[in-house]
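Q: Everything in the sequence shown is counted per numbering that gives the first Met the number 0, starting at 0 for the first residue and increasing by one.
All residues carry an ideal CB built from backbone N, CA and C; glycine is no exception.
Have a look at this one.
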Amino acid sequence: MVESNSGTRSLLNDLSFHKGAFFDLGHPLLNRIADSFVKAAGIGAIQAVSKDAYFTAIEGSSLDSTRTDIPGVSKKHRFPNLRGETSQKSLEAMVKNTGKESLQWGLAAGLYSGLTYGLYEARGVHDWKNSAVAGAVTGMAIAFTSDNSSHEQVVQCAITGAAISTTANLLNGIF
0 MVESNSGTRS
10 LLNDLSFHKG
20 AFFDLGHPLL
30 NRIADSFVKA
40 AGIGAIQAVS
50 KDAYFTAIEG
60 SSLDSTRTDI
70 PGVSKKHRFP
80 NLRGETSQKS
90 LEAMVKNTGK
100 ESLQWGLAAG
110 LYSGLTYGLY
120 EARGVHDWKN
130 SAVAGAVTGM
140 AIAFTSDNSS
150 HEQVVQCAIT
160 GAAISTTANL
170 LNGIF
């Protein structure tokens, strides 16, 4: 009985992803970037499909999706191509939007993870400064991948990325 229990524990430990990354590309930096990219891209795909399902449900139920609680602000439809004449065009538009969202999420996670690792290796310390720089560069990259990015949007995303990353780093030390 003891042998089967230890055999089960060994199998569960082998299947666990807590040991490391999904990939072994020969260098810890590459492993970290690829692992973060793949995990975040999967999350981005799920987010894009759920967003599409939400808009489809809202439009199907005849609810007004353009109404907002903020005066003078109206929402635009995030997936304008999903209103194609055929379901094939709608499916193609959904796959394209899902791929774009996955790429953006993966880019953000891979870039941030790679930058924090590289800055740690270069400076020898992992502190809020590394997080601020990595967050700012990642925020800029996200702004550049969005539609119609402007100078103001790039600066705004850089500041937001740095602020969120720095706050997360500082709160990580507290909690």
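Verify whether the separation of the beta carbon atoms of tyrosine 111 and leucine 28 is less than 7 Å.
A: By one-based count along the sequence shown, residue 111 stands at place 112. By one-based count along the sequence shown, residue 28 stands at place 29. In this structure, leucine 28 does not lie closer than 7 Å to tyrosine 111 by Cβ.
Q: Drop a sphere of 10 angstroms on the beta-carbon of isoleucine 141, count the other beta-carbons inside from all chains shown, and report buried for 16 or more, exposed for fewer.
A: Translated into positions along the sequence shown, residue 141 becomes position 142. The residue is buried, with at least 16 neighbouring Cβ atoms inside 10 Å.
Q: Which two residues bound the contiguous alpha helix (DSSP H) that contains serine 148?
A: Within the sequence shown, residue 148 is the residue found at index 149, counting from 1. That residue, serine 148, is in no alpha helix (DSSP H); it is neither H nor E in DSSP.
Q: With a threshold of 8 Å on Cβ separation, who are the neighbours of leucine 169 within its own chain once the five nearest residues in sequence on each side are excluded?
A: For the purposes of this step, residue 169 is identified with residue 170 of the sequence shown, where counting begins at 1. Excluding sequence neighbours, leucine 169 sits near Trp127.
Q: Which same chain residues end up closer than 8 Å to methionine 139 when comparing Cβ atoms and leaving out the 5 residues on each side of it in sequence?
A: Stepping through the sequence shown from its first residue, residue 139 is reached at position 140. Excluding sequence neighbours, methionine 139 sits near Val153, Cys156, Ala157, Gly160.
Q: Roughly how many whole angstroms lie between the Cα atoms of arginine 122 and asparagine 129?
A: Here residue 122 corresponds to residue number 123 of the sequence shown, with the count starting at 1. Here residue 129 corresponds to residue number 130 of the sequence shown, with the count starting at 1. Their backbone Cα atoms lie some 9 Å apart in a straight line.
Q: For phenylalanine 174, is the classification buried or exposed, using 16 other Cβ atoms within 10 angstroms of its Cβ as the cut-off for buried?
A: For the purposes of this step, residue 174 is identified with residue 175 of the sequence shown, where counting begins at 1. Classification of phenylalanine 174: exposed, given that the 10 Å Cβ count is below 16.
Q: Cα separation between glycine 109 and aspartate 34?
A: Here residue 109 corresponds to residue number 110 of the sequence shown, with the count starting at 1. Here residue 34 corresponds to residue number 35 of the sequence shown, with the count starting at 1. Straight-line Cα distance between these residues: approximately 8 Å.
Q: Are the beta-carbon atoms of glycine 105 and alanine 40 separated by less than 7 Å?
A: Taking the sequence shown and counting its residues from 1, the one referred to as residue 105 is at position 106. Taking the sequence shown and counting its residues from 1, the one referred to as residue 40 is at position 41. For glycine 105 and alanine 40, yes; Cβs fall inside 7 Å.
Q: Mapping DSSP to helix, strand and coil, what is valine 192?
A: Missing from the structure shown is residue 192; the chain here goes from 0 to 174 and no further.
Q: For the alpha helix (DSSP H) that contains leucine 28, what are its first and last residues?
A: Against the sequence shown, residue 28 aligns to sequence position 29. It spans 27-59 - the alpha helix (DSSP H) in which leucine 28 sits, taken as one unbroken run.
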